[in-house]
Each structure stands twice: as structure tokens, then as C-alpha cells.
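Numbering (UniProt numbering), first residue to last: 1 to 413. Here a beta-carbon is modelled for each residue, glycine too, at the ideal position from N, C-alpha and C. Let me begin by presenting the structure, written as C-alpha cells, before commenting on it.
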Amino acid sequence: MAGTDRGDLTRTAILALLGTVGPLSRSEIARELDLSPATVTQLTKELIGHGMLEELDLKPSRGGRPAQRLGLVGSAGRALGVKVTADHLVLVDARLDGEVLGSWERPHDPAAPDALEHLADAVESVVREIPGVPPLLGVGVGVPGSVDDQAVGTVNAPTLGWQAMPVGERLRRRLNLPVLVENDVNALAAAERLYGRGRTHSDFLVLTIGRGVGAAIVAGGRVYRGARGGAGEFGHLQVDPGGPPCGCGARGCLEAFVGSAGLLATARARYALPHAPGTDAAQAEARDPLGAVAGLGRAAAGGDAAAREVFAEAGAILGRATAGLINVVDPEVVVVLGEGTADWPLWRTGFEPALRAQLYPGRRDISVEVESWDDTSWAQGAAALVLATPFDSAGAAGEQGRLVRARLIGAGS
Ligand SMILES: [Zn+2]
1 MAGTDRGDLT RTAILALLGT VGPLSRSEIA RELDLSPATV TQLTKELIGH
51 GMLEELDLKP SRGGRPAQRL GLVGSAGRAL GVKVTADHLV LVDARLDGEV
101 LGSWERPHDP AAPDALEHLA DAVESVVREI PGVPPLLGVG VGVPGSVDDQ
151 AVGTVNAPTL GWQAMPVGER LRRRLNLPVL VENDVNALAA AERLYGRGRT
201 HSDFLVLTIG RGVGAAIVAG GRVYRGARGG AGEFGHLQVD PGGPPCGCGA
251 RGCLEAFVGS AGLLATARAR YALPHAPGTD AAQAEARDPL GAVAGLGRAA
301 AGGDAAAREV FAEAGAILGR ATAGLINVVD PEVVVVLGEG TADWPLWRTG
351 FEPALRAQLY PGRRDISVEV ESWDDTSWAQ GAAALVLATP FDSAGAAGEQ
401 GRLVRARLIG AGS
């Protein structure tokens, strides 16, 4: 029914507005969205009835009556976010306002023949642990690869050995819940859009450093996905044709130099790591490259010159490449995230001069901001895929987004 759809879109627009700018009065909502006061009164009454909005303090006004402000109810819904890595899963239970209610870690072997069944088992067992109030709106899954469409969820991820894996379809069938699947860096960008820089910027870059290197492009307030969901594979920009082979099959990619394995290889070449290839210690580094990079970071912070040089060199390579990306995309700000940010002061000594030297005139003062990071941040991004859909007036999450909204509204009535 067209009338119902229009009402649904307008309710979503009201939620999106309040989610983005914070509490507003009814007359401010009417003005911002160009709606009649009667429409706003009716729709906000419904949203309050559904438990999604609440009446807050009175905003003093000059002259007339003070206006009652309306705000989102953070506890109106929750989502489960799942981050899939090469050797484990991280799951978080997060509220509509982003607050984390619980987190879990489970071993996972993406290369196993029954990897999808195991993934579904792990998610299902956590779903059973989650209380029914606030209602679970859906499951968001972040993967280190490309995804055809959030609401379909077919994944290509070379680092997981996954080709055309029907992650979304399999999980939806098993869980009987809305499931959204997205590239993990794009999912972080969705979280930034909802809770971070996106509140004040509509054009920004998210850069991640850690095991791999990634980027997400937010343009005009939306995450740019490309024709097949593969946009933002920044780690596979070639920086040296004579460079080391990369996991993607090409040679000399940015990630091959500044991803954790690349950093460790450089460290060995500079004798900043005592472990020659083939030794037990080197094999342990290969199994836990992030842990080994953390050790290298401790050595650098302790004054080891060779270790400092490894980070500064990686920072310079990343800085030059990032300047190129900024020159192409023209963002307002760059946000750096990922496990590697723990060592950012070490990266920064190489990154900053290389970046500024290569930026186009007029962009040289762009702000690069590093945000706090923890083990659940990736999974929080995945949860944001679901939590963003009530505010998604453009319908980016398609049919699954409609199902999420139906669960949110249905739960309150
Ligand atoms: Zn590559």
C-alpha cells in the first residue's frame, strides 16, 4: 500500500534525523523534513507508542510556550554483530544507541569444508543466550572481502579462502532473523556514520591498518560500494611493481608492505626481529602476526632503532598512498582505525611528512584522526549494519532492512 510505505519512509526519516542531530522539538522536525505539523504530531505519537521515541526535557523558547523535545530510545532494539577473521569470530550484542551489552569470542576455521555450518552454529548459540528484551532486530556480519549486496550476502574473500560463499542465505535460513552482510571496513564506516564522524561529516575516508589494510569511502553520507560491493580495496593499490607477492595474487601491493605480515618481513630484513624464516619462532609469528607486530611495537617504543625504522618506513608508504586516495576522493576528514592504531605514534613519524608532501595544494591541512580501538570494534561495526537500517531512508539494506524495521515497530506495539 503506497500510503503505508510513505508513512514508513517518513517515520524512518524522523528517526534518521533524531539519530543524526540529536533531540528536537516537533516543530523543528516539521521544519527540517518539510512536513506538516499534523503529520509530525501523528507519526511521533506512533513512534512514542512503539517505544522508539521518548519525550525529553522542555526546551525554553523566547515568547511562546516551551517546546517538548523528542529523542531516540537507545534501548528500543539490539543487534548481534559478527566479525569473521581468518582464525576466529568475535560477536557483540549492541543496543540501538551503540552501547555494547555483551561480547563473545569463538574459534573458527574459514577453510574447513563445513565453515558456514560452524559459523551458523556459533551465531545461533549466542542468539540463544541473548535476552528477548530489548528485541533482537537482526544479525550483521562483517567479512574481510567483497559482498555482492548487504541484503543478499554472497561473499568473496581470498584471505578466508571464500569464493561465492552464500553467508547471508545460510544464516537467514538457520536463524530465521534478518541478516545483513558487508565488507568489514564498510561496516566500520556504517558505524562511524551512525555514532562517529558521520554525525558531523558527510564525506570522509575510513582507513584501517592491522592484519590487512583497508579503506571505506563515505560520499554524500553514504558508503560507496561500487558495482559489485568491491570498492575500497585500498590494500591492493600497487606501490612497487618489484615488491613482494601479495595474498591477492598480484605483486607489490600496499598491504604486502604495511599489513602485519609485510611489517614482519621488513623487520626480518632489517634485523629488527631475531627470528630467521623457518624457525619455530618465525612460524609462531606467522600464526599470530598481530601479536608479533605488538612485540615489535614494544621494542620500538623501548628505543630499538631498527624497529622504529620499520614503522616509520611503513608509515611513509601508507602516507604516500593515502595522499593519492585523498586527492581522488576529496574527503573532509580521514579516520584511522584497526589493530595497528595501537602503534600509531610510531607510524605517524613516517606517515605525516609523506602524506602532506604528496597532497594536492588546498588539501594539505586535512585532518587525520585516530580513534580508540578494542577487540570488539570490528563486531560493533557489523552490528551497526542492522542498527543503521531504522535510520536508512534511502533503503540501502533492501528487503532485510524492511524486516528489521518491522521487528522494531512490531516489538513495541
Ligand atoms: Zn594485493
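In chain order, what residues of the same chain have a beta carbon less than 6 Å from the beta carbon of residue i, not counting five sequence neighbours either side?
i	result
Ala397	Gln150, Ala151, Leu180, Thr389
Gly198	Glu192
Arg222	none
Ala30	Pro37, Val40
Met1	Residue confidence is low: Met1 scores 34 on pLDDT, short of 50, so the model does not pin down where it sits. Its coordinate-derived value is still stated next. For Met1, where only same-chain residues beyond five positions count, there are no Cβ hits under 6 Å.
Leu387	Ala79, Leu96
Val336	Leu207, Val370
Arg106	Leu89, Ala122
Leu15	Pro390, Phe391
Arg320	Ala354, Gln358
Val368	Val334
Asp203	Ala219, Pro331, Glu332
residue 478	Any property of residue 478 remains undetermined from this structure, which presents the chain solely from 1 to 413.
Asp240	Gly252
Leu56	Pro23, Arg69, Gly71
Val84	Val143
Determine the extent of the beta strand (DSSP E) in which residue i is found, giving its start and end residues.
i	result
Arg106	100-107
Gly319	Element bounds for Gly319: not the beta strand (DSSP E) but the alpha helix (DSSP H), 305-329.
Phe204	204-209
Ser367	367-370
Trp162	162-166
Thr389	Taken as a continuous stretch (DSSP letters only), Thr389 belongs to no beta strand (DSSP E), as it is neither H nor E.
Gly142	136-143
Ala157	154-157
Leu355	No beta strand (DSSP E) contains Leu355, which is instead part of the alpha helix (DSSP H) from 344-358.
Arg69	67-72
Arg78	78-84
Val90	88-95
Gly212	From DSSP, Gly212 is part of no beta strand (DSSP E); its letter is neither H nor E.
Val333	333-337
Can you find the residues in the same chain that come closer than 7 Å, C-beta to C-beta, to residue i, ignoring five residues on each side of it along the sequence?
i	result
Gly235	Gly212, Val213, Gly214, Cys253, Leu254, Glu255, Gly259
Arg402	none
Val185	Val206, Thr208, Gly214, Ala215, Ala216, Gly232
Thr20	Arg199
Leu175	Val123, Glu124, Val127, Val139
Thr376	Val90, Val92, Val100, Ser103
Arg270	Ala306, Glu309, Val310
I'd like the span of the alpha helix (DSSP H) that includes residue i, first residue to last.
i	result
Phe257	254-258
Gly49	37-49
Leu119	115-129
Val185	184-195
Gly291	289-301
Arg31	26-33
Between residue i and ligand 1, is there a pair consisting of the residue's CB and a ligand heavy atom that are separated by less than 7 Å?
i	result
residue 420	With the chain covering 1 to 413 only, the question about residue 420 has no answer from this structure.
Ala256	yes
residue 420	Because the chain in this structure spans residues 1 to 413, residue 420 falls outside the shown range and cannot be described.
residue 414	The structure shown does not extend to residue 414, since the chain spans only 1 to 413, so no value can be given for it.
Gly235	yes
Assuming residue i contacts residue j (C-beta within less than 8 Å), just tell me the rounded distance between them.
i	j	result
Gly381	Gly81	7 Å
Pro134	Gly77	5 Å
Leu136	Leu177	7 Å
Asp109	Ala115	6 Å
Val143	Val167	7 Å
Thr208	Leu188	7 Å
Glu285	Ala292	4 Å
Gly338	Gly210	4 Å
Leu53	Thr44	6 Å
Leu35	Ala379	Wrong, their Cβ atoms sit about 36 Å apart, outside the cutoff.
Arg308	Ala316	With a Cβ gap of about 13 Å, Arg308 and Ala316 do not count as contacting.
Return yes when the C-beta of residue i is under 7 Å from any heavy atom of ligand 2, and no when it is not.
i	result
Gly230	Absence of ligand 2 is noted for the structure shown, with ligand 1 being the only ligands found.
Can you give me the Cβ contacts of residue i inside the same chain, cut-off strictly under 8 Å, excluding the 5 residues immediately before and after it?
i	result
Gln238	Ala250, Arg251, Gly252, Cys253, Leu254
Leu359	Ala323, Ile326, Asn327, Ile366
Leu24	Leu17, Leu18, Glu32, Arg69, Leu70
Determine contact between the region 349-357 and the region 309-320, defined as no fewer than three beta-carbon pairs at a distance below 8 Å. They touch, by the three-pair rule.
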